[in-house]
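See structure below.
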Amino acid sequence: MTRVLVAILKDVADWAIAQEQHWYRIPVASVEKSLRLHWPPAWIAFYQTKAFGAEAYAIRYYAAVTEIAKVQRCDLLPQAAPGPKDQDWYYKLMLGDVRSLPRPIPSHKLRRITFIPTTWAHLEAAQAVGDLLKKQD
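Quick note: the sequence shown uses my numbering, first residue 933, plus one each step.
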């Protein structure tokens, strides 16, 4: 069973980081709260929000997770304005090349998605994002 984590891309800045710097961040608290049984992922797929215009509300891209490190937010994003989350811990997922899925996986309903743990087989078979939310074997 190959673990895949579908993660949200809220804005184009995070998308640029994934494509150009080859990493994505996940709060350690999120892993401990709801992802620990599905950790670590071998792959990450990206669900794009309304910020992506014509590509919004679908999973279109994925990448291999090549390495995972635990890093504080202030070290991940040193150019960001200081804030209350600076000392929070994140997993920095180092990524291989970002690739396009053979076909997009659309969301037919507007959903509040943060992370969807799944498998490669379920990702390949999904016709819609809702298919990934159903109980999986």
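Where is the CB? At the ideal position from N, CA and C, for every residue including glycine.
No experiment lies behind these values; they were computed from the predicted model shown.
The beta carbon of Q951 sits closer than 6 Å to the beta carbons of V1030 from its chain, once the five residues preceding and following it are set aside; these are given in chain order. Annotation for I1000: P972, Y1023, K1024, L1025, M1026 place their beta carbon closer than 8 Å to its own, counting only its chain and skipping 5 residues before and after. When the beta-carbon positions are compared, A1060 and S1039 come within less than 8 Å of each other. Burial is judged here by how many other beta carbons sit within 10 angstroms of a residue's own beta carbon; Q980 has at least 16 and is buried. In the three-state scheme derived from DSSP, where H, G and I count as helix and E and B as strand, K965 is classed as helix.
Excluding its 5 nearest sequence neighbours in each direction, V960 has C-beta neighbours in its own chain below 7 Å: K1002, W1021, Y1022, Y1023, listed in chain order. Judged by DSSP in its simplified three-state form, A983 adopts helix.
Take I1037, set aside five residues on each side of it, and the residues of its chain with a beta-carbon closer than 7 Å to its own are A990, I991, A1058, A1060, V1061, in chain order. When C-alpha distances from L941 are compared across G985, V963, R968, L969, the shortest belongs to G985.
DSSP places V1061 in the uninterrupted alpha helix (DSSP H) bounded by 1061-1065. Only exposed fits T998, as fewer than 16 other CB atoms lie within 10 angstroms of its CB.
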